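Enquirer:
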Amino acid sequence: MQPLLEGRGLVKRFGQVQALRGADFTVFPGEVVALIGDNGAGKSTLTKVLAGAARPDEGGILFEGAPVTLERPTDAQRLGIETVYQDLALAPDLDGAANLFLGRELLRRGLAGRLGVLDKAAMRRRAVDAFARLGVELQDIDAPIGTLSGGQRQSVAIARAVAWADKVVFMDEPTAALGVLQRGRVLDVVRKVRDAGTSVVLISHNMPEVLSVADRVEVLRLGQRVATFTAADTSVEELVGAMTGALDEGRAA
Amino acid sequence: MSLGETTTDTGPGPGDDAAATTTSTAKSAGEAASSADVKDETVTAPDPRPDLSDTARRLARRLVRTNSAWTFLVLLVLMTAFSIMKPAHFPTTFNLRNVATDAAVLLIIGVGMTYVVITAGIDLSVGSVLVFSGVVAAKTMTGISDVDAGWGPILLGLLAGLAAGAAWGALNGFLVAKAKVPALIVTLGSLGMALGLAQVMTEGQDVRGVPTRLSDTIGNGRVLGVPWLVVIALLVTVLGALALATTRFGRRTYAIGSNAEAARRAGIPVELHLIKVYALCGLLAGLAGILSLARFTTTTIGGHTNDSLGAIAAVVLGGTSLFGGVGTIVGTLIGVFIPAILQNGFIILGVQPYWQSVAVGGVLIAAVYADQLRRRATQRA
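So the protein lines, in turn, are chains H and W. Under the working numbering, the first residue of the first sequence carries the number 8, and numbering increases by one thereafter. Under the working numbering, the first residue of the second sequence carries the number 2, and numbering increases by one thereafter.
#1: May I ask which residues mark the beginning and end of the alpha helix (DSSP H) holding H/M8?
#2: Alpha carbon to alpha carbon, how far is H/R198 from H/D222? Give it in angstroms, no decimals.
#3: For H/P151, which beta-bridge partners are listed by DSSP?
#4: Should W/I85 and W/A289 be called a contact, given that it needs their Cβ atoms to be closer than 8 Å?
#5: At a Cβ threshold of 8 Å, is H/E112 touching chain W?
#6: Once you ignore the five residues that flank W/D308 on each side, which residues in its own chain have a CB closer than 7 Å to its CB?
#7: For W/F95, count neighbouring C-beta atoms within 10 Å of its own C-beta (all shown protein chains included) and say buried if the count is 16 or more, exposed if not.
#8: For a contact defined as C-beta to C-beta under 9 Å, what are the partners of W/T269 on chain H?
#9: Is H/D240 helix, strand or coil when you go by DSSP?
#10: How many angstroms separate the CA atom of W/G303 from the CA atom of W/P212?
#11: Determine the DSSP secondary structure at H/E38, reduced to helix, strand or coil.
#12: Spell out whether any CB of chain H is found under 8 Å from the CB atom of W/R249.
#13: Along the segment 167-193 of chain H, what residues have a CB closer than 7 Å to any CB found in chain W?
#14: Return the residues of the segment 312-330 of chain W that lie within a Cβ-Cβ distance of less than 7 Å from chain H, sorted by chain order.
#15: Going by the DSSP bridge assignment, what does H/G14 pair with across the sheet?
#16: In chain H, what lies closer than 8 Å to W/R375 by C-beta?
#17: Between H/T251, H/R15, H/R131, which lies nearest to H/R318 when the distance is taken from Cα to Cα?
#18: Which partner residues does H/A234 have in the DSSP bridge list?
#19: Given a limit of 7 Å on CB to CB distance, which residues of the segment 68-96 of chain W reach chain H?
#20: Would DSSP call H/A61 helix, strand or coil?
#21: Residues of chain W with CB closer than 7 Å to the CB of H/L125, please, in chain order.
#22: On the criterion of 16 or more Cβ atoms from any shown chain inside 10 Å, does W/Y279 qualify as buried, or is it exposed?
#23: Starting from W/F297, trace the alpha helix (DSSP H) in both directions and tell me its first and last residue.
#24: Indicate whether W/F133 and W/A199 have their beta-carbon atoms separated by less than 8 Å.
#25: Report the rounded CA-to-CA distance for H/I210 versus W/R265, giving the unit in angstroms.
#26: Closer than 9 Å between beta carbons: that is the criterion. Which residues of the segment 75-99 of chain H meet it against chain W?
#27: Name, please, each residue of chain H whose Cβ falls closer than 8 Å to the Cβ of W/A264.
#28: Identify the residues that DSSP records as bridge partners of W/I186: which are they?
#29: Counting only beta-carbon atoms, is H/L101 nearer than 8 Å to chain W?
#30: Below 8 Å CB to CB, which residues in the same chain sit around H/D173 once its five sequence neighbours on both sides are set aside?
#31: For W/V100, I'd like the list of residues in its chain whose CB is within less than 7 Å of its CB, leaving aside the five on either flank, ordered along the chain.
#32: By Cβ distance, which residues of its chain are closer than 7 Å to H/A137, with the 5 residues on each side in sequence left out?
#33: Check whether chain W comes within 8 Å of H/L141, counting only Cβ atoms and requiring the distance to be less than that.
#34: What would DSSP say about W/S69, mapped onto helix, strand or coil?
#35: If W/G162 sits next to W/I291, beta carbons under 8 Å apart, how far is it from one beta carbon to the other, in whole angstroms?
#36: First and last residue of the alpha helix (DSSP H) that includes H/A73?
Here's what the structure looks like:
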């Protein structure tokens, strides 16, 4: 199968520190691929490079088989790639619809639109649809996001990314700050995104979570991909082994 | 590397403190359970109600959430009390017209200040910018003509004053947004600079000889019994409120104040927007300077030292949060009139009007305390 998004031999240095040392990464269409690795393995840097938030010093990125340059996040967004940031890039005082359309506000038609008047009804309608599609239930759609639970906020953040990305959504530790129940709900949302045909790159430390939701797992260690697994055929022990280097034979890429 | 990885969740907002974030894990299990209960309720409850009551409920919910509903109540109580105590003096057209005229200049500054405070900023310089703009306008008018000047020189003077105000605002915005100097410091600096330059230009003497055509119309004239000053101030208030509540500009103003980083990541040109907001605030200070000039036919250089603080107090009284992201122009309107009505009522009652400062100070602290409580109650970890 043709990979949807591919990083090849990516190198990224920050001064003396080499965060990526020829890292490869592959995303296939319609899958949840987990990107795992110990602290400092380069997960966040790799994500930033593939989402256009950082430029690689060496190496290339292929999108649907063709080389692309991602100078800034908007370049990636134009290709249908969005990122759900670890520290929730939401405006807590605005409601769900306003957050969903942050920076992409819909304007009314005609003169009012020329004056910059928002089409709040349309945004609200589309937000309700977008949340419903992912099974995100908000008791009060008009409540500021800051009044919601952590899980609901994370779901809104995901819905926001998915609403604009039809190809790939990167999620950096989407469940890190959540309790057990909320975690389960967010993972349901992740599955729904995949089922709707959008690929998900899940960055996570939580091995059972990775195994429960991911189709494939790619392991990063010291800035390089050291193994890839099919989630159904692997175990927590095997993943941890690949992460720490105890199991170097892996099923190397 | 680990640049991104070591930075743990700091919560979405500038108002969220670290303590709240660390407790999130501990209480999230119970929280999740309770939110599940609530959710089940909403799922099982049949909702055959027509749209009308639905919007009504939404409106009611929004009303309770806004602080301005409560401050409006305070204003109503004050006005009712003064009306009962002095029925022959307080609720008269003459008296209320005077109160409104006195409040007009502060209201216009307050509209601009509301935008700035919603971005989590502050503008201490508006009082000085008001004076500076008034001086520029007066100098322009008296420079090219005299007391009997026609509308041409007057218009030029007005434009010069507005431009001067907008320029100071843009400079403030540039220093805040691009140079990243804290707004408090930037505007404290321009507070001194604008007033100082105004005094340099006039050698400390108020400019007199403002065209009578200006003072007879805008300054002291009326339309349908309503002073021009009040008409202009209300027009600015309505336009400002509409722009804030219904336009993309307003929405982005809230977004930046709520979480500037989120706005930046969403592709909103945050720096440019901040410059525009501060320029708007300066422009309105310029307008206020012109109105003050028209009313008093002189520049009143020494008379505006408290205007900035008065405007900030009005904005905060009106429920706009100093943490940004929350606020309304209607609230500011109420916040301008609470001190104005208090002062007026005290004078009519024969109470020393200085008590007004004491009362407003207390109310102000109470308002901010209420805002803190509200934020703590609604912003979960």
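Every residue gets a Cβ at the ideal spot worked out from N, C-alpha and C, and that includes glycine. It should be emphasised that the depicted structure is a prediction, and the values quoted were computed from it without experimental measurement.
Expert: From the atom records:
#1: It is not in any alpha helix (DSSP H) - H/M8 carries neither H nor E in the DSSP assignment.
#2: 10 Å
#3: H/D102
#4: no
#5: yes
#6: L107, I110, V127, G128, L131
#7: exposed
#8: The identity of residue 269 of chain W in the sequence shown is Ile, whereas the question assumes Thr. Residues of chain H passing the Cβ test: L109, G110.
#9: helix
#10: 21 Å
#11: coil
#12: yes
#13: A183, A184, L185, G186, V187, L188, Q189
#14: G326, V327
#15: H/F32, H/I68
#16: The contacting residues do not exist; W/R375 stays about 10 Å from chain H at best.
#17: This structure cannot settle anything about residue 318 of chain H, because the visible part of chain H is limited to 8 through 260.
#18: H/V226
#19: none
#20: coil
#21: T247, T248, R249, R252
#22: buried
#23: 271-297
#24: yes
#25: 23 Å
#26: P80, T81, Q84, T90, Y92, Q93, D94, L95, A96, L97, A98, P99
#27: A98, L109, G110
#28: In DSSP, W/I186 forms no bridge with anything.
#29: yes
#30: G87, G204, T205
#31: A341, I342, N345
#32: L107, A166, A170
#33: no
#34: helix
#35: 5 Å
#36: Note, H/A73: premise wrong, no alpha helix (DSSP H); beta strand (DSSP E) at 73-75.
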